[in-house]
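What follows is a single structure, written as structure tokens, with notes after it.
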Amino acid sequence: MDAIRSLMGIALEQARAALATGDVPIGAVVAGPDGRILAVGRNEREATGDPTAHAEVVAIRAAAAALGTWRLDGCTLAVTLEPCPMCAGAAMQARIGRIVFGAWDEKAGALGGVIDVVRDRPMPQRVEVVAGVEETACAALLAEFFAARR
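First residue of the sequence shown? That's 2 in this note's numbering, and the numbers climb one at a time after it.
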């Protein structure tokens, strides 16, 4: 569990870095099967104007580039907010074996918060899900961000 908390700490650092560009503070990290950090990502939609530049997608793309293959078998994706359907689908397509997340997303969560993309029976890939890691810190960062905008 210490390794998972360490990954979430890195994801939280990335989330805080997203604040500099006005992006929603969500961060992600991909670790290889051996626990080595392959890539990090943060929301970059505002920074890049790319609607697909969610933290998870940014990190998955960078991890694939680092490994030289799209197959991220045995890798772990840690993200500060429960992935949306696009990001959960991207993780499955990349063959990521485990997704760890902090805060639940009651509006668009796709790992059980609203829908459950990765554990839907017809899906061919199975993904382990670990929810609620550093949930309070992850949720607080998002709450502060949105409170400042209201």
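All C-beta atoms in this analysis are idealised placements derived from N, C-alpha and C, irrespective of residue type, glycine included.
Pair every Cβ in the region 84–100 with every Cβ in the region 36–47, then say whether three or more of these pairs are closer than 8 Å. no
Close Cβ partners of Gly36 (< 7 Å) along its chain, the five nearest in sequence each way excluded: Ala4
Whether or not the region 89–103 and the region 70–81 are in contact is what I'm after, with contact meaning three or more pairs of Cβ atoms, one per stretch, closer than 8 Å; do they touch? yes
Residue from Val128, Gly114, Ala91, Val118 whose Cα sits closest to the Cα of Ile61: Answer by Cα proximity: Ala91.
Span separating the alpha-carbon of Lys108 from that of Val115: 7 Å
Tell me the rounded alpha-carbon separation between Ala104 and Ala67. Their Cα atoms are separated by approximately 28 Å.
Local conformation of Val128 per DSSP, three classes: coil
According to the neighbour-count rule (16 or more other Cβ atoms, all chains shown, within 10 Å of its Cβ), is Asp1 buried or exposed? As shown, the chain starts at 2 and ends at 151. That puts residue 1 outside it, with no answer to give.
Can you give me the C-alpha to C-alpha distance between Arg120 and Arg127, rounded to a whole angstrom? 7 Å
Taking the alpha-carbon positions, what's the Trp71 to Pro52 distance? A direct Cα-to-Cα measurement between Trp71 and Pro52 gives close to 21 Å.
Alpha-carbon to alpha-carbon, Gly133 and Leu112: 12 Å
Taking the alpha carbon of Leu142 as the reference point, which residue from Leu13, Thr49, Ala48 has its own alpha carbon closest? Cα-wise, what sits closest to Leu142 is Leu13.
What does the alpha-carbon distance come out to for the pair Ala16 and Met93? 22 Å
How big is the Cα-Cα spacing for Ile11 and Ala29? It is roughly 8 Å from the alpha-carbon of Ile11 to the alpha-carbon of Ala29.
So if DSSP puts Phe146 in a beta bridge, which residue, or which two residues, is it bridged to? Phe146 is not bridged to any residue.
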